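Residue numbers (numbering that gives the first Met the number 0), protein chains in the order written: chain V, 0 to 428; chain P, 0 to 428; chain E, 0 to 428. Glycine is no exception: its CB is placed at the ideal position from the N, C-alpha and C atoms. A quick note: this is a predicted structure, and the numbers were derived from the prediction, not measured.
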Amino acid sequence: MSETLETRLFNELDQLVLIDPHTHINPLSPASTTLADILGYHYYTELAHSAGMPREVIEDPKLGPREKVGRLVEGLGHLDNTVQLSWLLEAAGTLFDVTMDRVDASNWEQLYDAAQAKFDQPDWEQQVLERSKLEAVFLTNDFDDPLQGFDTQRYVPCLRTDELVFHFIKPSVRQRLAECSQIQVQTLDDLARALRQRFEHFVAHGVRACAISLPPHFSPQDISDSDAGQALERILRASEDASADDAQTLGYWVFWQLARLCSQFQLPFDLMIGVNRAVYPGGVFQGQDLYDSRVSLIQYRELFNAFPGVTFPISVLASVTNQELVSYAWIFPNVVCNGHWWYSNTPGFITRDLQARLEAVPRNKVVGYYSDMYKLEFAQPKFAMYKRCLATVLADSFVRARGWSETRAVELGRQVLRGNVESIFYADH
Amino acid sequence: MSETLETRLFNELDQLVLIDPHTHINPLSPASTTLADILGYHYYTELAHSAGMPREVIEDPKLGPREKVGRLVEGLGHLDNTVQLSWLLEAAGTLFDVTMDRVDASNWEQLYDAAQAKFDQPDWEQQVLERSKLEAVFLTNDFDDPLQGFDTQRYVPCLRTDELVFHFIKPSVRQRLAECSQIQVQTLDDLARALRQRFEHFVAHGVRACAISLPPHFSPQDISDSDAGQALERILRASEDASADDAQTLGYWVFWQLARLCSQFQLPFDLMIGVNRAVYPGGVFQGQDLYDSRVSLIQYRELFNAFPGVTFPISVLASVTNQELVSYAWIFPNVVCNGHWWYSNTPGFITRDLQARLEAVPRNKVVGYYSDMYKLEFAQPKFAMYKRCLATVLADSFVRARGWSETRAVELGRQVLRGNVESIFYADH
Amino acid sequence: MSETLETRLFNELDQLVLIDPHTHINPLSPASTTLADILGYHYYTELAHSAGMPREVIEDPKLGPREKVGRLVEGLGHLDNTVQLSWLLEAAGTLFDVTMDRVDASNWEQLYDAAQAKFDQPDWEQQVLERSKLEAVFLTNDFDDPLQGFDTQRYVPCLRTDELVFHFIKPSVRQRLAECSQIQVQTLDDLARALRQRFEHFVAHGVRACAISLPPHFSPQDISDSDAGQALERILRASEDASADDAQTLGYWVFWQLARLCSQFQLPFDLMIGVNRAVYPGGVFQGQDLYDSRVSLIQYRELFNAFPGVTFPISVLASVTNQELVSYAWIFPNVVCNGHWWYSNTPGFITRDLQARLEAVPRNKVVGYYSDMYKLEFAQPKFAMYKRCLATVLADSFVRARGWSETRAVELGRQVLRGNVESIFYADH
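And the structure:
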């Protein structure tokens, strides 16, 4: 069979060495140590649970890794249509050198052992990075992360700020802020200084982005210091009994302060828009969040206007918001399309959303993809899925529909996969 | 021309004997008696009306069937692009043995007579079922349906509950409930007993699902007995003058009670989400309903959490809600994707929505299709349309994109078309 | 390479002579006079700005046309993936006889000069119309346009009414209304008479449609004369300090009045639904508007019911509203699908939205496309883009999926491109 246009484009794109601009990698333990690290990924536990496996079976704390995998495998038959499971099979082939069509009771131990043989090699982390053509990996760091003990060129710090905006009413969060910043927040000015101190700490360690995930109802406003100060006062008094209004007022103020600091420290501010947390409290670990797709970027109108100097790489949870993202990136210089997030990270949605972006957003404003992974082994199959979608869009909408040369199409693909990560997150270089 | 992959997959899927899990068939008169039964389907009358034919022309009560068809045919030229009209032409070929590209003034009588010759055969019902490879057909039964005079294995009772939730303020509904249950509702406890009595009646007659269609604003909550009791009291006093608040309060209570009964009697609860009734009161019979696509499954969060033991096969009216359905079915064990409903029942929407489902929802949680038909003759063309979409998705997203064998793809298709109907609606077998 | 089905269908459709049913052409200066007229189109200035070019660079009022184009060209490299830029390159080939893959520093002057040589020909307007196969072009006329000095058969008046509905609180608008209508509005009756006078003026000059663009929150109601009269009284007193409530009340009343006048004068009322103005006030001229996609046609339910005799050709800004448009056009006789507007005017959205329309809306209720252009040179490339999408949908969904002949598919395409423009906007002919 002759090589198709899509395959040729994919093969070219697949040569590229990547920077993964958003992950949840633990830089002190970036690679898996057993197959349970892979199958314990919430994509598999939540799908196995959704397909019928009780949570207790999956999350029994007494389970050893081999037993845990053995139990999960019993539920994988119901998932074998999902693209999520295809990531595992692709990684089996490309990283563990095991080719299989399905994982089931008959062959999972073969996979387990083959993977273990890899994990046990002392340079496995290095091998995965090489096989995956990964040069650097952005992290998701808590605000009080010491950022020590790892190479911040390879594992690039990103300041995750959900807790500061949404959970400041929790004493534990305030305590952690006091400890890491050495500032006990009593006043709004203390809070401003503590936040700034955190930015200074992160900048000193090579941070490349500030990031936050946001619920659908979030509509940030520029809260006055006086209103925020009063809310803070009441929160410090009431703590977790603080009113939802006060928590929101202070949260908006903190959010605005973060944007201001991004402006001052010239950091992109990744907005991940649309998630409702703990919609299904009975779900497995990390498998409880969902969303309300009735969200609009109009909610961020004031923000985008107030901070023209801050780049906002934006991820939207639901594909229905993608057209707004395209339109806002087409109009606002500081709005950038960023990846295909979570529930929109399947080939159908990626392909349609990407086509819309590449047809109407300036090419320097589309950050193609990030893996969102917890363990390094997922970069290869997830990026491969994306590159197949990208090759399809380049083939259909550029080579076929507009008569572009393959070289030119690949050049656009490279910019989206790698070039824009550099120009947007390493703008100072 | 060589047979395409899509055609081969379709042909395999087309061998399958089906159970149609949602229709409006009258089991005492399941097949058409004249072509007016077919062309009188609201899909044709509403489209002909929308294309310019006055309602009076279509709905003149004095019209005989032949004259009615003759009139409607005059409007069909404007509809010949619609997939809805293609169902008629497909049925003409597969059921009435008449091949035609178009129905117009020149040939409709030929079609009418050919169809009539079929309808007049005493075993026509049996013939249609066989030609359509239909083994069983789910019904939509009013809560006071005696469920007698037909084979409930073939025509499977489903308890439709819209009237109980939305129209309890109508004296006629209360009267019917009193008559069929032998319980005159005076108190909330009476109402609970009457509802339970109805479940017992339906279960005794082999009911396979409870079902309801819901407007976009519906956000069910667990109403306290005390609040519901007070609302009931005022409703019994005010009847149709009851306040909208009271009607809603009691409606939510009834809805919750139905979910509780589904749990106790182990019945799936079909939710058909998103329709606004009588948006266009000047429209033809059954051609007056539309919708507001701004609806979210987050409105059902409390319900899904409260009834983990009830399976909710969910249909969404607008394709824009499909991604939420995919995501909720991916996370909640009790949420199942169900068919492609009404305004989303056209090939473009089916194909995209189905791809999203098959890429991310466990394969045991997708009920492929139901015909929603009023007369048996529509199952064949509607299911055929769906099977073509299914063959396309299997070909593109599984055989081509993931290298699946055709056998494996067909196996997935079979599960979606038939297997899941059995496992979900006949779980006790 | 053999000619594809899509190409054959496109070539057939491309023979057609068109009427463009919505543009912003100035009939006194319909064609471009320099390439700055083309590159000054907001699609290019806003994209160049979004890609990084400061507004001052683009909008410096001292710039001559050649210098302006030279500056903009510096930003075009970032846009070369966009379909918007492909319009320019297509027009270069079809209208200016210059073939180029990209416009950059090396070749823009060649393009500039080649285009100038065309613009300088005295019959250029006629040439563009002929090369673009344009027979007539609908305009967007202010309510006080004298409609003189041009051939209204070729440049067809359309009464644009945004200012009357949304800006009546501005003294300048009231002043202009007084001057053109010779009626100084003091009472609601004056206002009714002034509006009627405007309709009479436009009808006398061959108007073919009334048109308005509407924000997402617009939910028109039939306001009583008494409420409207009181709002008017307060507005006349307070002028620009009028309350938002009064402005909205009177706006709804005026809107209803316009619909009534459309009914009396038998004019279609083009509704362009969904735009928020000046979301990005820092943007370039005409590059500041965006939207909130959370809009529903249910907001127009009362309107569609109240004016069964008025045809409403409806454009929706966001593709997410397309399914509602399809469904409302399928049910309401007076709702018609109209073109692919602005942020939905890219091939991905057009193709999907068009497939949905052609599969479910009666064929006499789809107005395929309008160019929305400001200068004649854009009709050719924009319509060509649309015709490629149309050819794709006809090939896939009709010839391949339903076995239609190419002749029959082209016939449907012609009706959508031209026939329905005649039957809907020239119904009285």
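Residue i - containing beta strand (DSSP E), residue span
i	result
Leu158(P)	Cys157 to Arg159
Ser314(E)	Phe311 to Val315
Pro226(V)	Note on residue identity: the sequence assigns Asp, not Pro, to residue 226(V). No beta strand (DSSP E) holds Asp226(V); the alpha helix (DSSP H) holding it covers Asp224 to Ala237.
Leu416(V)	Unbroken run through Leu416(V): none, as it is neither H nor E.
Proximal residues to residue i (C-beta, below 6 Å), its chain only, five neighbours per side dropped
i	result
Ala210(V)	Cys157, Arg159 and Asp269
His23(V)	Thr139 and Tyr373
Phe348(E)	Ser318
Arg276(P)	Asp288
Arg192(E)	Ile182
Met0(P)	Below a pLDDT of 50, predicted positions are generally treated as unreliable, and Met0(P), at 43, falls in that range; the measurement from the model is reported next regardless. Excluding residues within five positions, none has a Cβ falling inside 6 Å.
Cys261(V)	Cys209, Phe268 and Val309
Glu239(P)	Ile168
Leu75(P)	Val102
Ala113(E)	Phe95 and Val97
Leu34(P)	Val68, Tyr111 and Ala114
7 Å CB neighbourhood of residue i in its chain, flanking five on each side removed
i	result
Asp245(V)	Ala230, Arg233 and Ile234
Ala394(P)	Leu4, Glu5 and Leu8
Arg173(P)	Phe167 and Val184
Gln220(P)	Tyr251 and Glu301
First and last residue of the uninterrupted alpha helix (DSSP H) at residue i
i	result
Leu88(P)	Val82 to Thr93
Val56(P)	Arg54 to Glu58
Leu194(V)	Leu187 to Ala203
Ile423(E)	Asn419 to Phe424
Ala394(V)	Premise fails: Ala394(V) is in no alpha helix (DSSP H) and is neither H nor E.
Ser180(E)	Pro170 to Ser180
Residue i burial status per 10 Å Cβ neighbour count (16 or more: buried)
i	result
Val16(V)	exposed
Ala356(V)	Reading the sequence as shown, one finds Arg at residue 356(V) and not Ala. Classification of Arg356(V): buried, given that the 10 Å Cβ count is 16 or more.
Asn10(E)	exposed
Gln83(E)	buried
Arg197(E)	buried
Pro307(V)	exposed
Asp352(P)	buried
Ala116(P)	exposed
Lys381(E)	buried
Glu323(E)	buried
Arg432(E)	The shown model of chain E, from 0 to 428, leaves out residue 432(E), and the question about it has no answer.
Arg236(V)	exposed
Gln414(V)	buried
Inter-residue CB distance, residue i and residue j (contact presumed, cutoff 8 Å)
i	j	result
Ala50(P)	Asn363(E)	6 Å
Pro361(V)	Leu46(E)	6 Å
Gly286(V)	His41(V)	5 Å
Arg127(P)	Gln109(P)	Before going on, a small fix: residue 127(P) reads as Val here, not Arg. The pair is not a contact, with the Cβ atoms about 20 Å apart (cut-off 8 Å).
Tyr342(E)	Pro20(E)	Tyr342(E) to Pro20(E), Cβ: 19 Å. No contact.
Gly412(P)	Leu12(P)	5 Å
Ala104(P)	Val72(P)	6 Å
Residues of its chain near residue i, where Cβ-Cβ distance is below 8 Å and the 5 sequence neighbours each way are ignored
i	result
Glu178(V)	Asp143
Leu78(V)	Tyr43, Leu46, Ala47, Ala50 and Leu84
Asp189(P)	Ile182 and Gln183
field: Continuous alpha helix (DSSP H) assignments of at least 4 residues falling wholly in the segment 89–153 of chain V
entry: With a minimum length of 4 residues, the unbroken runs of alpha helix (DSSP H) contained wholly in the segment 89–153 of chain V fall at 107–118 and 123–130.
task: Mind listing, in chain order, the continuous alpha helix (DSSP H) runs of no fewer than 4 residues lying wholly within the segment 315–369 of chain E?
output: If we require 4 residues or more, the alpha helix (DSSP H) runs fully inside the segment 315–369 of chain E come out as 321–330 and 346–359.
message: To test your reading of the DSSP string, which unbroken beta strand (DSSP E) runs of 3 or more residues are found completely within the segment 230–314 of chain P?
response: Note on the segment 230–314 of chain P: whole beta strand (DSSP E) runs with a minimum of 3 residues are 268–272, in chain order.
query: Hey, which unbroken runs of the alpha helix (DSSP H) at 4 residues or more fall wholly within the segment 11–74 of chain E?
result: You should have 34–38, 41–49 and 54–58.
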